[in-house]
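In this note's numbering, the protein residues as written are 28 to 157.
So the structure is just underneath, and the comments pick up after that.
Right, dumping it as structure tokens:
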């Protein structure tokens with residue numbers, strides 16, 4: 028199994044600025060999702076940091092590569108998007124630069140290998156149309 032995580036934010040910088048990231052109810056025990064020790068001990072998958080202005084192109088190129096690999100090995104492809112959404116149903120991957128209008132499902136589908144089985148999950152508002 029191969030994973031590619033792409034972000035515009037450096038996890039180490041975020042932890043230095045905000046401290047550990049926790050998951051769960053603040054009134055109960057919570058799980059540490061990201062902290063300095065996890066980064067130092069490489070307990071999380073490596074992250075590729077990309078400038079926000081280059082994010083859409085990089086996501087498309089990685090999606091294309093991943094779909095080719097998935098088809099070659101006859102396995103499903105899982106795409107996860109944690110981002111904002113736009114009213115036109117595009118994914119806002121470029122740091123609020125609305126002049127590019129985000130990533131459309133048409134552009135994303137255009138780079139995926141025909142016949143590859145894809146599951147896409149997104150936290151973006153308006154992404155139900157995807």
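Here a beta-carbon is modelled for each residue, glycine too, at the ideal position from N, C-alpha and C.
Note that the coordinates shown come from a computational prediction; the quantities given were computed from them, not determined experimentally.
The residue from 63, 94 and 29 with its alpha-carbon nearest to that of residue 45 is 63. The alpha-carbon separation between residue 139 and residue 151 amounts to approximately 20 Å. Residue range 58 to 61 is occupied by the beta strand (DSSP E) that includes residue 59. Residue 82 sits buried, since 16 or more C-beta atoms from the chains shown fall within 10 Å of its C-beta. Taking the CA atoms as reference points, residue 144 sits about 25 Å from residue 115. Between residue 107 and residue 154, the C-beta gap is not smaller than 9 Å, which leaves the two residues out of contact. Residue 38 and residue 74 do touch by the CB rule: their CB atoms are close to 6 Å apart, below 8 Å. Around residue 51, the same chain offers 57 and 58 as residues with beta carbons nearer than 8 Å, after the five sequence neighbours per side are excluded. The alpha-carbon of residue 104 is positioned some 14 Å away from that of residue 88. Within its own chain, the residues whose Cβ lies closer than 8 Å to the Cβ of residue 65, once the five positions on either side in sequence are excluded, are 59 and 71, listed in chain order. Non-local C-beta neighbours of residue 91 in its own chain, meaning closer than 6 Å and more than five positions away in sequence, comprise 138, ordered along the chain.
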